[in-house]
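Input: a single structure, listed below in structure tokens.
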Amino acid sequence: MKKKFILVILLWTLGFTIVSGQTYTMKMQISESEKSALLKLEKELFPISPSISYKISSYDPLKSFLEIKDQEPLDENYLQKRKTSLQTDSLNPILINDIGNYYNFHERTDSALYFFKKSFENLNIKYFENDSAEYLSFRGVLKLNLGVENAVEDIENALKINPNDSMAKAFYPIFLINKGEFKRASDISIRMLDTDTTDVVVWFVVLATSEIFDGIYEKTAEVVSNEKLKSQYSRTDYTKLISFRLIDKYADKYKTNTAVRNARYMADIFALLLKVSLFNEMTENKIFYTAYEKQKLISLEKFFISTKLNSELNAYAINKNLGFIYFLLQKNDKALLYFDQAIKVFPDSKKQMSFNPSEIYDAMLGIYFINKADSSVRQTLLLKIKAEPEGNKNAEDYLILAKSYYLSDDMKEAEDWANKAYAINSKDFEVLRLLSHLNMLNGNNAVAQSYTTEALKNIQSNKEQSEIALQYAIYYLINGDAATAYNNIEIARKSLTDDPCTLCDKLIEKYIIINPK
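With our numbering, the residue at position 448 of the sequence shown is 457, and numbering never jumps.
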């Protein structure tokens with residue numbers, strides 16, 4: 010007897026009301042070959058989409074790694090040193106906060122919050138040598154870790170008292186950029202660049218990043234309501250889509266600063282990559298560039314080669330930027346060589362949140378994915394995972410690896426890596442949905458349903474709602490339940506308000522007869 014899937018998805022959970030009157034029947038009995046065809050369609054719902062990103066940190070433009078402090082690893086030695094120091098100073102909020110940072114880094118959230126709260130309770134300005142700016146910036150970051158609403162006000166007040174407060178400077182502009190408040194971040198960087206500051210590179214990078222994001226995302230919003238603009242923008246010089254007026258003004262003001270000059274060239278790469286990723290137009294399988302952009306890419310290539318010859322930029326940044334330039338030029342073999350070299354020369358002792366080679370691994374993944382080199386995708390992911398600090402793993406990397414094995418029909422490895430992703434983030438919708446599917450395929454229906462229940466609780470978007478509805482629609486078709494399959498297909502269609510659901514049409518056309526009232 011043919012084994013059936015046991016399905017218990019709740020339609021009301023997805024907010025769908027069944028239309029009365031119509032009935033639905035199967036166009037055919039589902040044979041083993043049709044079941045295979047349906048499960049092949051199911052794979053369309055688990056695509057691999059590596060994201061290629063490029064960032065400019067304030068360390069990237071520096072001439073030498075010697076200008077970057079070695080980072081103390083948040084390992085067991087770090088923790089023990091703080092605990093030992095606490096034995097003689099048990100109320101020290103800085104030491105207590107450090108312990109919270111250790112647990113936060115290792116994703117032990119409950120322990121981290123316990124120590125952050127304890128640090129907050131013991132805050133005393135005497136531990137900051139009565140420096141009110143340092144005290145306020147520390148308190149602001151601590152409040153953010155605890156989810157206190159007025160946290161940012163403390164950081165803003167710290168900058169008003171001392172524009173050069175190191176913690177406020179390091180955190181505040183990044184916070185604003187991540188929140189999409191590009192204008193505010195730009196205004197602060199201008200204010201800082203107009204004063205005597207020792208951190209011109211930091212503020213120039215903030216200015217360049219803010220101005221580029223501000224310009225490009227304004228255009229992205231326009232494209233949503235006017236698709237024709239996408240083609241128009243793809244054929245417009247990136248310097249006309251993004252204002253470089255302020256970036257050039259301050260690059261000129263600090264033209265004797267080699268790091269600022271380096272950052273200015275990096276801003277061009279950043280802007281070009283953003284433009285291509287958002288408004289890409291292909292001509293004969295080649296990215297379309299304006300005449301100006303073609304010339305700019307050639308000049309950027311020459312510049313970064315010259316920094317190597319003149320020792321005016323650190324080895325990681327040279328290889329990283331040449332890799333991205335060749336990626337833009339679609340010279341992928343050459344790009345891979347430079348990306349590989351960038352990883353090799355990166356000093357582990359300098360690794361931190363804003364300065365690490367994770368974007369290089371992602372760029373390599375993107376190239377291998379484009380080339381359909383599945384084994385290289387997996388090999389690169391394994392290298393990236395190995396390079397990630399223990400306790401600071403990225404569930405997305407494990408998920409992509411799991412999907413790669415699933416799409417290659419290696420179910421054992423797929424489930425193994427999906428379980429590892431789940432151990433890192435048990436609320437990730439995509440991880441839960443994949444685990445549900447893998448267990449369904451293995452006949453573990455009760456386990457599959459428990460993952461589905463959790464996935465439904467963690468839906469974040471209409472797209473996710475449509476994906477899980479279609480996933481179950483296919484199960485129902487395999488079971489020969491045309492009515493419930495159709496209802497799930499309609500859930501998916503109604504969820505995708507802005508996009509046509511081609512898979513919905515394909516499933517109905519091939520498998521379902523709609524009987525009118």
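Virtual Cβ for every residue (Gly too), placed ideally from N, Cα, C.
Problem - Backbone secondary structure at MET420 - three-state DSSP - result: In the three-state DSSP reduction, MET420 falls in the helix class (H, G or I).
Practice task
Could you tell me if the beta carbon of ALA492 falls within a distance shorter than 8 Å of some heavy atom in the ligand FAD?
Solution key: For the structure depicted, the ligand FAD is absent and the ligand set is empty, with no information on it obtainable.
Problem - Any alpha helix (DSSP H) of 4 or more consecutive residues that is wholly inside the segment 428-463 - result: As far as the segment 428-463 is concerned, its whole alpha helix (DSSP H) runs of at least 4 residues are 438-450.
Practice task
Answer yes if the segment 62-79 comes into contact with the segment 319-332, meaning at least three C-beta pairs across the two stretches below 8 Å, and no otherwise.
Solution key: With a cut-off of 8 Å, the segment 62-79 and the segment 319-332 count as touching, because enough Cβ pairs lie within range.
Exercise for the section: Have a look at LYS503 and ILE170 and give me their C-alpha separation to the nearest angstrom. Expected result: Between the alpha carbons of LYS503 and ILE170 lies a distance of about 53 Å.
Problem - Among SER45, ASN106, SER445, ALA121, nearest to LEU132 - alpha-carbon criterion - result: Nearest of SER45, ASN106, SER445, ALA121 to LEU132, Cα basis: ASN106.
Handout entry: CA-to-CA distance, LEU512 to GLN31, given in whole angstroms
Key = In this structure, the CA atom of GLN31 is about 21 Å from the CA atom of LEU512.
Exercise for the section: Starting from the Cα of MET275, find the closest Cα among VAL210, GLU290, TYR242, TYR298 and give me that residue. Expected result: Per the C-alpha coordinates, the member of VAL210, GLU290, TYR242, TYR298 positioned closest to MET275 is VAL210.
Handout entry: DSSP three-state assignment for PHE129, whether helix, strand or coil
Key = Three-state result, PHE129: helix.
Practice task
Confirm, please, whether the CB-CB distance from SER413 to ARG442 is below 9 Å.
Solution key: Taking 9 Å as the Cβ cut-off, ARG442 and SER413 do not qualify as a contacting pair.
Exercise for the section: Could you tell me the boundaries of the alpha helix (DSSP H) in which MET600 lies? Expected result: Because the chain is modelled from 10 through 526, residue 600 falls outside the range shown and cannot be assessed.
Problem - Any 3 or more C-beta pairs closer than 8 Å across the segment 74-85 and the segment 351-362 - result: Three or more pairs of CB atoms, one per stretch, sit closer than 8 Å, so the segment 74-85 contacts the segment 351-362.
Handout entry: Range of the contiguous beta strand (DSSP E) that encloses MET37
Key = Note, MET37: premise wrong, no beta strand (DSSP E); not H, not E.
Handout entry: Residue from VAL233, PHE253, LYS436, ASP203 with nearest C-alpha to THR218
Key = When the alpha-carbon of THR218 is set against those of VAL233, PHE253, LYS436, ASP203, the nearest one is in PHE253.
Practice task
Please go through the same chain and pick out, in chain order, the residues whose beta-carbon is closer than 7 Å to the beta-carbon of ASP277, but skip the five residues on each side of it.
Solution key: The beta carbon of ASP277 is closer than 7 Å to those of LYS305, LEU309 in its chain, skipping five residues each way along the sequence.
Exercise for the section: Along the beta strand (DSSP E) that carries ILE487, what are the first and last residues, could you check? Expected result: First-last for ILE487: 471-487, but that is the alpha helix (DSSP H), not the beta strand (DSSP E).
Problem - Distance CB(SER195)-CB(ALA167) smaller than 9 Å - result: A distance of 9 Å or more separates the beta carbons of SER195 and ALA167.
Practice task
For THR118, name the three-state secondary structure that DSSP assigns.
Solution key: Helix.
Handout entry: Opposing strand residues paired with ASN528 [DSSP bridges]
Key = A question about residue 528 goes unanswered here, because the residues of the chain that appear run from 10 up to 526.
Handout entry: Neighbour-count burial assignment, GLN339, 16 or more Cβ in a 10 Å radius
Key = Classification for GLN339: exposed.
Handout entry: Reduced DSSP secondary structure (H/G/I, E/B, other) of PHE312
Key = DSSP, read as helix, strand or coil, puts PHE312 in helix.
Exercise for the section: Taking 9 Å as the cut-off, decide whether the C-beta atoms of SER3 and LYS395 are in contact. Expected result: Here the chain covers residues 10 to 526 and nothing more, so residue 3 does not appear.
Problem - Alpha-carbon spacing of THR204 relative to SER60, whole angstroms - result: A straight line joining the alpha-carbon of THR204 with that of SER60 spans about 38 Å.
Practice task
Report yes if the C-beta distance between ILE483 and LEU50 is below 9 Å; otherwise report no.
Solution key: Yes; because the gap between Cβ atoms is below 9 Å, this pair is in contact.
Exercise for the section: Express the C-alpha separation of THR493 and ILE522 in angstroms, rounding to a whole number. Expected result: Roughly 13 Å separates the two Cα atoms.
Exercise for the section: From the DSSP output, read off the bridge partner residues of GLN361. Expected result: Note: GLN361 is bridge-paired with PHE364 in the DSSP secondary-structure output.
Handout entry: Spatial neighbours of THR229 in its chain, beta-carbon cut-off 6 Å, leaving aside the 5 residues before and after
Key = The residues are LEU287.
Practice task
Report buried or exposed for ASN110, applying the criterion of at least 16 other Cβ atoms within 10 angstroms of its Cβ.
Solution key: ASN110 should be labelled buried.
Practice task
Report all residues from its chain with a CB closer than 7 Å to the CB of ARG91; omit the five preceding and five following residues, and keep chain order.
Solution key: Non-local beta-carbon contacts of ARG91 in its own chain, meaning distances under 7 Å to residues more than five positions away in sequence, involve LEU104, ASP107, ILE108 in chain order.
Practice task
Tell me whether the beta-carbon of ALA272 lies closer than 9 Å to the beta-carbon of ALA280.
Solution key: When the beta-carbon positions are compared, ALA272 and ALA280 stay at least 9 Å from each other.
Exercise for the section: Have a look at the DSSP bridge pairing and note the partners of TYR33. Expected result: Beta-bridge pairing links TYR33 to ILE523.
Practice task
Could you spell out the range, first to last residue, of the alpha helix (DSSP H) harbouring SER141?
Solution key: SER141 -> alpha helix (DSSP H) spans 141-155.
Exercise for the section: Given a cut-off of 9 Å, decide if LYS303 and SER243 are closer than it, judged by their beta-carbon atoms. Expected result: Note that the C-beta distance between SER243 and LYS303 is not below 9 Å.
Practice task
Out of MET420, GLU439, MET37, point me to the one whose CA is closest to GLY452's CA.
Solution key: Out of MET420, GLU439, MET37, MET420 has the C-alpha closest to the C-alpha of GLY452.
Problem - Straight-line gap, PHE333 to ASP349 (C-alpha atoms, nearest Å) - result: Spanning the two alpha carbons is a distance of roughly 12 Å.
Practice task
Tell me whether the beta-carbon of PRO172 lies closer than 9 Å to the beta-carbon of SER198.
Solution key: Cβ atoms of PRO172 and SER198: not closer than 9 Å.
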